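Quick note: the sequence shown, position 240, residue 750 per my numbering, numbers continuous.
Just so you know, even glycine gets a beta-carbon here, dropped at the ideal spot from N, CA and C.
As the structure is a computational prediction, the values presented were derived from the model and not from experiment.
Worksheet: one structure, shown below.
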Amino acid sequence: MKLKTFFIFLFIGSLATIFALSRGVIKINPVVTLKILINSITDHNLFEVTWNQNLEIILLKLRLPRIFLAFLVGGGLSLVGVLMQALTKNSLADPYILGVSSGASTGAVLSLIIGLNIGGLGTPFMAFLGAITASVLVFRIANIGGNYSSTKLVLTGIAISSMFSSITTFITFSAQNGDLYTALFWIVGSLSGAKWSSIYLLTALLLFVFGVMMFFHRELDILLLGEESSKILGVNTNKIRIIIILTSTLLTGVLVSISGVIGFIGLIIPHISRKLTSSKHRVLIPVSIFLGGFFLTLADTFSRVVMAPNELPVGIVTSFLGAPFFLWIMKKSIYNFNK
């Protein structure tokens, strides 16, 4: 029944994608949207062109890359959320709350200010370094004295996130005026800079991380049982933790370097996915990727149309939705998988 519910949501998500492509400052009839998409696939042979051809430019050159990017970023953030929750055995864990996104943002902004390029990979590389630095700090500090707890981890993550956000803000306001807007992009989160080159890079990386984690889906399930149970069942917990940290921080770094900090998706979507389907990672991972992709697609559409012709950064929309959800989980005391 839960799986059937997911496919219903998948169908609704597909309709939502057509809706997202049709909405904006210039509205396009959804039927025309479908015809343009089909014609672009069939070399303009199937439907007679009865619409203004400028609509094709708007749809195929501007909106379609943005929809693809929204889906990939939303799916990627949801996947990272699933991995971090398995690693910490805490459903409050996500790259935003644990400070990983903020660390990546600091690295991305720093690469912009110092002009680090490295063949176009300077920003993703610095974002990855920032993300892994934040991860190491959070887990080291949370384990000081050997008194690790889920609450301590979350509080440490919030503190580290605030620290890196402050550093990013300082760097931003130290920048030249020409770099100020671009730097602010990484603070608030936006998909307005969608490029096919970024989409290709993110697609390859997301497929790689997805493949690795699906290979280790059994180990991820066992990891939730605790350290002793995992060892009894033959799982090398240290190896799995290293794999999770490296893949999740790499993916987070690239995501943030492309879209900026978009918060709470990694918190909301895995929780909803568990309710709709299963806690087994073989099912949870693909479901979370699809739901996260559709969720961010809709959130980005809302951000484009709510203040048209101006645009609201999508990170503001996700934070507006995610913060109450975070408080609700805290109130319900359902953040620890061991409870």
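- Looking only at 809, 642, 579, 730, the smallest Cα-Cα distance to residue 605 is reached by 642.
- Taking residue 678 as reference, the option from 667, 665, 694, 663 with the minimal CA-CA separation is 694.
- For a cut-off of 8 Å, the C-beta gap from residue 623 to residue 681 is around 6 Å, short enough to register as a contact.
- Following the DSSP letters along the chain, one finds residue 798 inside the alpha helix (DSSP H) bounded by residues 791-815.
- The beta-carbon distance between residue 775 and residue 587, rounded to whole angstroms, is 4 Å. This is short enough to meet the 8 Å contact definition.
- In the DSSP assignment, residue 821 falls outside any alpha helix (DSSP H), carrying neither H nor E.
- The straight-line gap separating the alpha-carbon atoms of residue 801 and residue 705 is approximately 22 Å.
- The stretch 727-741 and the stretch 775-794 touch, with no fewer than 3 CB-CB distances between them shorter than 8 Å.
- The residues 701, 704, 709, in chain order, have a CB closer than 6 Å to that of residue 579 in the same chain once the five nearest residues on each side in sequence are set aside.
- Taking each of 817, 722, 550 in turn and checking the Cα distance to residue 755, the smallest one comes out for 722.
- Proximity to residue 592 across 784, 805, 811, 818 peaks at 784, based on C-alpha coordinates.
- When DSSP states are grouped into helix, strand and coil, residue 564 belongs to the helix group.
- Per the DSSP secondary-structure output, residue 549 pairs with nothing in a beta bridge.
- When the Cα atoms are used, residue 533 and residue 602 turn out to be separated by approximately 33 Å.
- In the structure shown, residue 748 falls within a helical segment according to DSSP collapsed to helix, strand and coil.
- Straight through space, the alpha carbons of residue 583 and residue 738 are spaced by roughly 35 Å.
- Between the alpha carbons of residue 715 and residue 764 lies a gap of roughly 9 Å.
- Taking all protein chains shown into account, residue 749 has fewer than 16 neighbouring C-beta atoms within 10 Å of its C-beta and is therefore exposed.
- Note that the stretch 541-555 does not touch the stretch 817-827; fewer than 3 beta-carbon pairs, one per stretch, sit closer than 8 Å.
- Counting along the chain, the unbroken alpha helix (DSSP H) around residue 644 starts and ends at 632-652.
- Distance from the CA atom of residue 596 to the CA atom of residue 751, rounded to whole angstroms, is 9 Å.
- Taking 9 Å as the cut-off, the beta carbon of residue 632 is found closer than this to the beta carbon of residue 621.
- In the DSSP secondary-structure assignment, residue 555 is not bridged to any residue.
- A straight line joining the alpha-carbon of residue 809 with that of residue 766 spans about 17 Å.
- According to the DSSP assignment, residue 581 belongs to the alpha helix (DSSP H) that extends over 574-598.
- Annotation for residue 713: the continuous alpha helix (DSSP H) segment containing it runs 706-725.
- Taking all protein chains shown into account, residue 834 has fewer than 16 neighbouring C-beta atoms within 10 Å of its C-beta and is therefore exposed.
- Here DSSP, grouped into helix, strand and coil, assigns residue 605 to coil.
- The three-state secondary structure of residue 514, taken from DSSP, is helix.
- Membership of residue 784 in the alpha helix (DSSP H) is indicated by the continuous run 775-786.
- Here DSSP, grouped into helix, strand and coil, assigns residue 665 to helix.
- Secondary structure note for residue 655: it is in no alpha helix (DSSP H), with a DSSP letter that is neither H nor E.
- The C-alpha of residue 575 is placed about 27 Å away from the C-alpha of residue 782.
- Closest option to residue 730, judged by alpha-carbon separation, among 747, 717, 742: 747.
- Shown here, residue 763 sits in a helix according to DSSP, grouped into three states.
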